[in-house]
Each structure stands twice: as structure tokens, then as C-alpha cells.
Amino acid sequence: MITRSGANLNSLSVDSFVEIEHLSASRDRLVHLKIYEKSNYNAVIHGHGVFNVVLSLKMSKIVPVDLEGKLFLGEISVISEEFGSQGYAERISEEVSKKGVAIAKAHGIYAAGKDLIEAFNRACYAEHSCEVLYYSSLLDKP
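Counting in our numbering, the sequence shown runs from 6 upward without gaps.
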């Protein structure tokens with residue numbers, strides 16, 4: 006299952022979801038399919054958190070400074086391929102299949118897990134790590 010193209014992510018309902026092969030599936034369908042093909046994950050989540058998007062504009066990788074990020078994520082790659090391209094789907098799926106998480110430059114987090122809870126938690130850890138990294142960088146400024 007994947008969200009229907011144009012679904013309002015702030016108010017999802019049963020009608021917001023379609024089979025991944027359906028023509029009205031999200032434009033991210035190819036990324037999701039490739040992650041499932043390359044891994045043993047059963048769930049993939051994609052979100053547009055503010056802090057991961059902001060940091061991805063200036064960084065090629067996110068190195069968490071918070072304990073949870075260090076323990077559960079490690080370094081997170083920022084993928085800068087053109088959205089919707091074959092290269093975009095390949096690079097993101099490659100990273101997510103290896104590490105469970107990747108960030109698309111100026112776009113958002115892709116996270117996967119054995120179920121939706123694990124995928125959601127991984128996405129939350131990544132966004133939290135980005136928020137901590139962002140605010141900690143402000144401490145270095147006069």
C-alpha cells in the first residue's frame with residue numbers, strides 16, 4: 006500500500022491509500038518498490054520534516070550528535086539525484102536497504118523497518134537527530 010498521488014498527508018483516511026501498482030499511486034512509488042526489492046523490509050515511510058530538509062540543503066551527510074542518533078542510525082546519507090529519476094530511486098533504495106534510512110536533498114526522509122512502527126521510529130529518530138544537530142550548530146555562532 007502507498008498513499009494516493011495528491012493525498013493530504015495531514016488527514017489520511019482509508020481512501021488515501023492504494024495498491025502500490027495502482028496508476029494513481031504516489032510519484033514515490035518507484036522508490037518504495039525498489040526498497041522492497043532490495044531489502045527484507047516490510048514497511049517504508051517517507052516524510053518531509055523541516056529539520057532534515059533544511060540540513061540537506063547544506064550537507065551531503067548527516068552525522069548525528071545526539072545519543073539516540075549515534076546508537077540507532079549512525080551517518081545518514083543525503084541523496085541529491087533529480088527527484089523522480091531512475092538514479093534517484095536507485096540511490097535512495099540502495100541506502101535505505103543498507104541502513105534503513107536516507108534523506109533526499111530538499112525533499113525528506115525515507116525510512117524502512119520490519120513494520121510501520123519500526124519505520125516510523127527510524128524516521129522520527131532521524132528527524133530528531135537533524136533537529137538537535139541544527140540547534141547545536143547555532144551554539145557555535147557569536
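Backbone N, C-alpha and C fix where the C-beta goes; we use that ideal spot for every residue, glycine too.
Distances from the CA of Val-137 to each of Val-83, Gly-118, Lys-75, Ala-109 were compared; the closest alpha carbon is that of Lys-75. In terms of Cα proximity to Ile-114, the closest of Leu-38, Lys-43, Ile-67 is Ile-67. Look at Ser-82 here: in three-state DSSP terms it is strand. When C-beta atoms of the region 54-70 are compared with those of the region 116-125, fewer than three pairs fall below 8 Å, so the two segments do not count as touching. About 6 Å separates the Cβ atoms of Tyr-130 and Glu-73, confirming a contact at the 8 Å cut-off.
For Tyr-93, the enclosing alpha helix (DSSP H) begins and ends at 91-104. Setting aside the 5 residues that flank it on each side, His-53 is surrounded in the same chain by Gly-113, each with a C-beta closer than 6 Å to its C-beta; the list follows chain order.
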